Amino acid sequence: MHLPPSKRLRRSELAVPGSSEKMMAKGAASAADFVFLDLEDAVAPSAKAEARGKVVTALNTLDWGKKTRCVRINDVETEYCYNDIIEVVEGARENLDVIMIPKVRHPRDLHFVETLLNQLELKLKLKKRIGLEVLIEEVEGLINVEQIARCSPRLEALILGMGDYSASQGMDQKEIWGSKDYPGDLWHYPRYKVVIAARAAGIDAIDGPFADFRNAAGYEIEARRGAIMGFVGKWAIHPSQIEPANKAHTPLQADVDKARAMAAAYAKALEQGLGSIALDGSLVDVATVRAQSGILHRADLIGM
Ligand code: COA
Ligand code: MG
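Okay, so the sequence shown: first residue is 1 according to this note's numbering, each after it adds one.
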């Protein structure tokens, strides 16, 4: 499937509890590309109803700059989900860009949210379409990830949620961030599966949280692993993780310059009827130029 590449930057997706006015103000003023105001796990059941109102006020009154404004709702199996969607969309209207759905297991979970959004957008006469992101964090979600990735035109990104996923698979919690007894990286398979499904559907793959927020070196290693594999961003659960996430998912200026030089040399070669040329001792052809297209797209989005 050849869909246009994403138009949103998602190098860092900051999680902010929707119950905290103070943290939402900090999130709005932060350097994150994308902020999601959480109504799910960061909010206690007793505070969920009130948090919806706080989230709407934050969306309507804070200056979010160029950030993508997202709300994470509760999953479709809960009693909170439909009220989350209705109250937040009716309250924030065009001040909301994306809804994040946690614990997605089947395409029908998205279809429920999509149908509700279709109705709300008609009723409210919204001028823009609200996008979706989904969390792959249940074993059923990982099994069905290829169908999920292609099941809705609103879907913009898949996120691998390691915390819930590790519980769903029954992983040993003491070993999930590096085990001396497990030969390899426990996250290799789920990460690969999510990024392949996302790329095949023409949407973004986002790497989930790293809970040990005082461990800056550990975060850097995990963010880099994801970036090498094709993830275009990573969650930040604390402001200190925003800058490392942005850095891990920003191409080096030298690599951008090189990619642009290759693209220009290749365009010139084509004018001369040549399909492959040498540039600085390396081959440049349609395949090598294609391999640089991700860097160029990202650089254009960032404005490098
Ligand atoms: N978004 C915005 N601001 C945040 C923040 C976040 N995710 N996490 C911390 N801050 C703020 C704090 O309020 C504090 O502000 P201050 O300096 O004005 O007092 C500052 O950043 C430093 O925070 P710190 O004291 O180091 O951490 P903390 O003990 O206040 O908070 C957590 C630690 C883990 C409770 C907090 O980071 C958090 O709630 N993270 C998000 C959790 C979440 O959303 N989970 C669901 C998705 S996994
Ligand atoms: Mg979760």
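Don't be surprised by glycine CBs; every beta carbon is placed ideally from N, CA and C. Bear in mind that the values here come from a model prediction, so they are computed numbers and not experimental data.
Per the C-alpha coordinates, the member of Gly-202, Phe-36, Lys-103, Val-88 positioned closest to Glu-140 is Lys-103.
Between Val-134 and the set Ile-203, Gly-184, Gly-170, Thr-68, the nearest pair of CA atoms involves Ile-203. By the rule of a C-beta closer than 6 Å to any heavy atom of the ligand COA, the residues picked out are Leu-14, Ala-15, Val-16, Pro-17, Lys-22, Met-23, Lys-26, Gly-27, Asp-38, Asp-41, Ala-42, Pro-209, Ile-237, His-238, Pro-239. With respect to the 7 Å criterion, Leu-132 and Leu-96 are not classified as neighbours on the basis of their beta carbons.
In the structure shown, Cys-70 adopts extended strand secondary structure according to DSSP, grouped into three states.
Taking 7 Å as the cut-off, the beta carbon of Ala-32 is found no closer than this to the beta carbon of Trp-64. Here the distance from the Cβ of Gly-161 to the nearest heavy atom of the ligand MG is below 6 Å. In this structure, Asp-38 lies near Gly-18, with their beta-carbon atoms less than 7 Å apart. Taking 4 residues as the minimum length, the region 196-224 contains no alpha helix (DSSP H) run wholly inside it. Contact between the region 266-277 and the region 49-65 is not established, with fewer than three Cβ pairs separated by less than 8 Å. A contact is defined here as three or more CB-CB pairs under 8 Å, and the region 234-245 fails this definition with respect to the region 178-191. Counting along the chain, Met-304 sits inside no beta strand (DSSP E), nor does DSSP assign it H or E at all.
Sequence-distant Cβ neighbours of Glu-87 in its own chain, meaning closer than 8 Å and more than five residues away, are Arg-52, Gly-53, Val-56.
In this structure the region 237-251 touches the region 5-14; the number of beta carbon pairs closer than 8 Å is three or more. Using a Cβ distance threshold of 7 Å, Glu-137 and Arg-105 do not count as a contacting pair. Pairing Leu-59 with Ile-196, the inter-Cα distance amounts to about 33 Å. DSSP places Phe-231 outside both helix and strand once states are collapsed to three, so it counts as coil. Relative to the ligand MG, the beta carbon of Asp-185 is positioned no closer than 6 Å to any heavy atom. Relative to the ligand MG, the nearest heavy atom lies less than 6 Å away from the CB of Glu-137. Per DSSP, Glu-133 lies in no alpha helix (DSSP H); the unbroken beta strand (DSSP E) holding it starts and ends at 131-136.
Look at the region 98-182 and you find these whole runs of beta strand (DSSP E), each 3 residues long or longer: 98-101, 131-136, 155-160.
In this structure, the beta-carbon distance from Gly-91 to Leu-160 does not fall below 7 Å.
Leu-120 is positioned such that its CB atom lies closer than 7 Å to that of Val-89.
Taking each of Thr-61, Ile-148, Ala-261, Asp-172 in turn and checking the Cα distance to Pro-107, the smallest one comes out for Ile-148.
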